[in-house]
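Below is one structure, written out as structure tokens, with a few remarks after it.
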Amino acid sequence: MNKKTSLEKYLKSKLSASSVKIYLFEINHFIRFLGKEKAATASYQDVQKYMNWLRDNYDNVNTINLILYAIKHYFFYLIEVKKRKDHPCRFLNIKDRTKHQYQLQDFLKTKQLQKILESLNERKERYPILGIRNQVVMSLLVYQALRVQEMCALEVKNINLKKATIDIQPTPKTNARTLHLKPEQIMLIHCYLHEVRSKLLKVKTKKLIITKRGTAEKGEGIHYLVSTFRPLFLQKKLTPTTIRQSVIANLLASGNDLRIVQVFAGHKNPSTTEKYRQTNFEKLRSSIQKYHPLAKANQHPH
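For the sequence shown, the residue numbers in the working numbering are 2 to 303.
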């Protein structure tokens, strides 16, 4: 094939007509997500970033792997037409997280979560108008432990400042619930609603969180915002998901009732919440300390 061969023609030479249509749709979404130039030169980390976004928006790991397979074809095409020499995600495969233990080492203590919020007040934003919005987003992650999908679904009407509550809409993974706002969030959200949101807005939308482009937040901006705090915790994999998991684990560790935490998190099954109990993590930690080769090497002979 020569350099002028179109992506569609390439896919048609490899796939059925029905698959070509699906693959083109998914590839074009990936290109829009990263931007045309960035997508063509994407690194493994760029593809992984997109996979993280998909994880927050799709519940079925098989669906995510299907999308990944389409993206792999895109890079094979670029190699075929000599627009790049390497394949950034040829051997990448997404595993079902439910089959694996939570990554204890990535969890943050309450003080560490608070450090994230405090650092927001000190740093200079590249886009100053986003300062308040970013504080709102991070506070909803740290105080209400929202999933990215839940935050993107929030509408202005879901906020009740008089009652200091926020209504969370149901998702395939979580139940609807009404959560209390922290006192420090009330003035922050009031400022965002009455002074900042209207200045950001460039299209008509009821969604609460608005991007710097003036459109409703789809999730990419939230993932990027969280990634900017990674220098604070270099040894941890900081994502919106690990922040949420940390909040839930800390609530249980503080002695809160399992049922109360389940409702707070929106878990449909108490067994999901049960996995976050500190006793389970301590068993895991003990097992690691007992059987890890480095732990054995450091043991002193009796």
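The beta-carbon is built from N, C-alpha and C at its ideal position, and this holds for glycine as well.
Residue environment: G267 is assigned as buried (16 or more neighbouring CB atoms within 10 Å of its CB, all protein chains considered). DSSP places D168 inside the beta strand (DSSP E), whose first and last residues are 166-169. In this structure D258 is exposed. Its beta-carbon is surrounded by fewer than 16 other beta-carbon atoms within 10 angstroms. Contact check between the region 8-18 and the region 74-91: three or more CB pairs, one atom from each, fall below 8 Å, which counts as touching. Cβ neighbours of L201 within its own chain (closer than 6 Å, five residues either side excluded): I211, G215. Put simply, of N161, L162, E156 the residue whose alpha carbon is nearest the alpha carbon of Q170 is E156. Within the same chain, and ignoring the five residues on either side of Q145 in sequence, the residues whose Cβ sits closer than 7 Å to its Cβ are I167, L180. L142 and L12 have their C-alpha atoms some 40 Å from each other. Contact annotation: the region 56-68 does not touch the region 246-253, with fewer than three C-beta pairs closer than 8 Å. For T274, the CB contacts under 8 Å within the same chain, skipping 5 residues up- and downstream, are I249, L253, L259, V262, Q263, A266, H268 in chain order. When secondary structure is reduced to three states using DSSP, A266 falls in the helix class. By the Cβ neighbour-count rule, M188 is exposed, with fewer than 16 other Cβ atoms within 10 Å of its own. Taking a 10 Å sphere around the C-beta of P241, we find 16 or more other C-beta atoms and assign the residue as buried. Counting other Cβ atoms within 10 Å of its Cβ, E218 reaches 16 or more and is therefore classed as buried.
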